[in-house]
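Using my numbering, you'd call the opening residue of the sequence shown number 732 and step up by one each time.
All C-beta atoms, glycine included, are put in the ideal place defined by N, C-alpha and C.
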Amino acid sequence: MQKFIYSIILFINSIFVINAQHNTDAERIIKNLTESFRAQAVRSEFILKISEKNGVNSQQISGTIVLNANRFFLKTDELTVWFDGKTQWAYLENSDEVNITEPTAEELAAINPVTIISAFKSVSRIQFSKLKSQTNHIIELIPTNKKADFSKVEIQLNKTSGNLHAIKIEYKNGLKNDLTFRNYQKNVAVNPRMFIFDNAKYKGAVMNDLR
Numbered sequence: 732m733q734k735f736i737y738s739i740i741l742f743i744n745s746i747f748v749i750n751a752q753h754n755t756d757a758e759r760i761i762k763n764l765t766e767s768f769r770a771q772a773v774r775s776e777f778i779l780k781i782s783e784k785n786g787v788n789s790q791q792i793s794g795t796i797v798l799n800a801n802r803f804f805l806k807t808d809e810l811t812v813w814f815d816g817k818t819q820w821a822y823l824e825n826s827d828e829v830n831i832t833e834p835t836a837e838e839l840a841a842i843n844p845v846t847i848i849s850a851f852k853s854v855s856r857i858q859f860s861k862l863k864s865q866t867n868h869i870i871e872l873i874p875t876n877k878k879a880d881f882s883k884v885e886i887q888l889n890k891t892s893g894n895l896h897a898i899k900i901e902y903k904n905g906l907k908n909d910l911t912f913r914n915y916q917k918n919v920a921v922n923p924r925m926f927i928f929d930n931a932k933y934k935g936a937v938m939n940d941l942r
């Protein structure tokens, strides 16, 4: 009987060890991803789908983004954004005006993958999803604080290349952000000036300093 009980205890302990190792692997993958953004520039096309509760008032934005550490350059048909790590310039094509701001981490997390992952991973439990994929790692960030405004962040990375495939954020108010990447390129050569607005190229634009 004692031997039987001991076997059960060993089995239960082994489950906890496996789960701990499983989560450690997920944490390592996320850590490697964030470090890769700091070490190299990345260029990718993206599609951002934003939907409110029950799919009401959904919208879709597509474009191109270049990332390097905490800086980025983003371009869509209607909007061009430069961010140098502190200041953000957003050029609106239709109105020919530039809004200058110093965005918060929450505001940046709407589109910048580096900020999204950094902001959420520090307040989350990182684990592999129960969903399985032959091509992608599917990793979940679950808030450790029950009062957090989000319920889950799902990050998908290609198992072979490590390329970021998608980030999905589910908020408790029903809002969902679904950011998908394609034509993902690593080690892109970029000029640091790429992340700074060039006044000379937009001489007629109205400048709105909202800092």
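Buried or exposed by the 16-neighbour rule on C-beta atoms within 10 Å, applied to residue i
i       : result
Ala-821 : buried
Gln-916 : exposed
Lys-852 : buried
Val-829 : buried
Val-773 : buried
Ser-855 : buried
Arg-802 : buried
Cα-Cα separation between residue i and residue j, rounded to whole angstroms
i       : j       : result
Ile-831 : Arg-942 : 7 Å
Leu-862 : Ile-870 : 9 Å
Ile-955 : Leu-805 : It is not possible to answer for residue 955, since the shown part of the chain is limited to 732 through 942.
Leu-895 : Ser-864 : 14 Å
Val-884 : Ala-836 : 16 Å
Ile-873 : Ile-760 : 16 Å
Pro-834 : Val-812 : 12 Å
Asn-889 : Gly-935 : 44 Å
Ile-898 : Leu-839 : 14 Å
Backbone secondary structure at residue i - three-state DSSP
i       : result
Ser-892 : coil
Lys-934 : coil
Opening and closing residue of the beta strand (DSSP E) in which residue i lies
i       : result
Lys-874 : Reading the sequence as shown, one finds Pro at residue 874 and not Lys. Its beta strand (DSSP E) spans residues 867–874.
Lys-907 : 907–916
Ile-781 : 772–782
Val-797 : 790–799
Integer Cβ distance of residue i from residue j, believed to fall under 8 Å
i       : j       : result
Ile-708 : Gln-771 : Absent from the model: residue 708. The displayed extent of the chain is 732 to 942, so no value can be given.
Asn-914 : Ser-775 : 6 Å
Ile-778 : Thr-911 : 5 Å
Ile-848 : Leu-764 : 7 Å
Leu-798 : Phe-768 : 6 Å
Ile-927 : Asp-827 : That belief does not hold up - the Cβ atoms of Ile-927 and Asp-827 are roughly 19 Å apart, past 8 Å.
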